[in-house]
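Student: Numbering (our numbering), first residue to last: 1148 to 1478.
The beta carbon of each residue, even a glycine, is placed where N, CA and C say it ideally should be.
Submitted below is the structure of interest, expressed as structure tokens.
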Ligand SMILES: Nc1ncnc2c1ncn2[C@@H]1O[C@H](COP(=O)(O)OP(=O)(O)OP(=O)(O)O)[C@@H](O)[C@H]1O
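Structure (structure tokens):
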């Protein structure tokens, strides 16, 4: 996990319209009439009243990414467009196209950090179908995390393309913007970067506090509900401090924090690291369920535990060369 300071003038301070005021999201019991069909049928009983957190100069790159993509999303029609999809997710129905269509195509990505001579990644090429799980493994220092950062739009490849959905020309700068909107990333030990004192604040970090737009409110609540439902957090009180959760549930919450942004692709860096056997089994169970609705790329050394979920696998050789492996792996 890389920590970086915000550029001068934090995002929080530069967007006062987003971080002032209070957005009251209706509870299921109180305002059923405003809910879409999908939401009415949701089994979630959580009453969601969202308090927003006042901004400090945050220092984590993941925070910056969350803030950026949420605020952009909220101000764009994309948020509204996705409402039906979210409601479908909340209902447990499939919302996107069939499995087996490529979600992601990576073409000849090479990466040399600015100001250095050596390439960390060399001509990395692969694709991954929708709603499948791709596993990347390899020795420490081979370049796995660097590849995840490029896929998440956190670093710009020196050359090559990353594409979602249908084929088309994408230039590198628009590519980075697209990636940070479409991809969620759960870093190693994500619970270390929880920022707030309640689960609901963690999930709604950066959302507007004040809006009369009912449709937007519905959309945001639907997002929270779909994410909570997807990771099985619905029995946990939303005002609980995230740090009071068990280790396995902390990872669930970290997944939900990303799912709330409706990513097309979710990246996980060592999702089982540092967990006891019980929590590891718990996270594997959640990943199995998530895979039914979500495209996942997992970087992990825990091949045995994850193998039953893996659709495609690649080994990252030292020097940043990615080699596809036959699945199931011989572990
Ligand atoms: N900004 C950078 N400048 C120079 N070298 C870098 C930079 N970022 C990463 N590296 C180097 O690139 C190599 C790959 O790093 P990376 O973290 O991607 O490996 P990894 O396979 O994820 O390792 P691990 O499993 O230990 O996390 C390492 O040798 C690392 O020191």
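(1) Given residue 1423, which residues of its chain have a CB within under 8 Å of its CB, disregarding the five upstream and five downstream residues?
(2) Taking C-beta to C-beta, are residue 1340 and residue 1293 nearer than 8 Å?
(3) Can you say whether residue 1265 is buried or exposed, counting buried as having 16 or more other CB atoms within 10 angstroms of its CB?
(4) Leaving out five residues on either side along the sequence, give the residues of the same chain with a beta carbon under 7 Å from the beta carbon of residue 1335.
(5) Cα separation between residue 1187 and residue 1367?
(6) Counting only the same chain and skipping the five closest in sequence on each side, list residues whose C-beta sits under 7 Å from that of residue 1462.
(7) Give the DSSP-derived three-state secondary structure of residue 1416 in the structure shown.
(8) Here's the rule: buried if 16 or more other CB atoms are within 10 angstroms of the residue's CB, otherwise exposed. What is residue 1296?
(9) In the DSSP assignment, what residue or residues form a beta bridge with residue 1369?
(10) Output the distance between the C-alpha atoms of residue 1343 and residue 1354, rounded to the nearest integer angstrom.
(11) Looking at the strands, I want to know which residues DSSP matches up with residue 1469.
(12) Three or more C-beta pairs under 8 Å: does that hold for the region 1452–1459 against the region 1369–1382?
(13) Once DSSP output is grouped into helix, strand and coil, what is the label at residue 1284?
(14) Could you tell me the boundaries of the beta strand (DSSP E) in which residue 1332 lies?
(15) What is the residue span of the alpha helix (DSSP H) that residue 1395 lies within?
(16) Please determine whether the Cβ atom of residue 1291 lies at a distance below 7 Å from any heavy atom of ligand 1.
Tutor: Taking the coordinates as given:
(1) Excluding sequence neighbours, residue 1423 sits near 1394.
(2) The answer is no: Cβ separation not under 8 Å.
(3) That one is exposed.
(4) Answer for residue 1335: 1148, 1416, 1417, 1420, listed in chain order.
(5) Unreliable positioning characterises residue 1187 in this predicted model, as indicated by a pLDDT of 30, which lies under 50. A coordinate reading is not provided.
(6) Within the same chain, residue 1462 has close Cβ partners 1284, 1285, 1470, 1472.
(7) Strand, per DSSP.
(8) Classification of residue 1296: buried, given that the 10 Å Cβ count is 16 or more.
(9) DSSP output for residue 1369 lists no bridge partner at all.
(10) One C-alpha to the other measures close to 14 Å.
(11) Residue 1469 is bridged to 1463.
(12) The region 1452–1459, when compared against the region 1369–1382, does not touch it at the 8 Å Cβ threshold.
(13) DSSP places residue 1284 in strand when its eight states are reduced to three.
(14) Segment 1330–1333, the beta strand (DSSP E) holding residue 1332.
(15) Element bounds for residue 1395: 1394–1406.
(16) Checking every heavy atom of ligand 1 against the Cβ of residue 1291, one is found closer than 7 Å.
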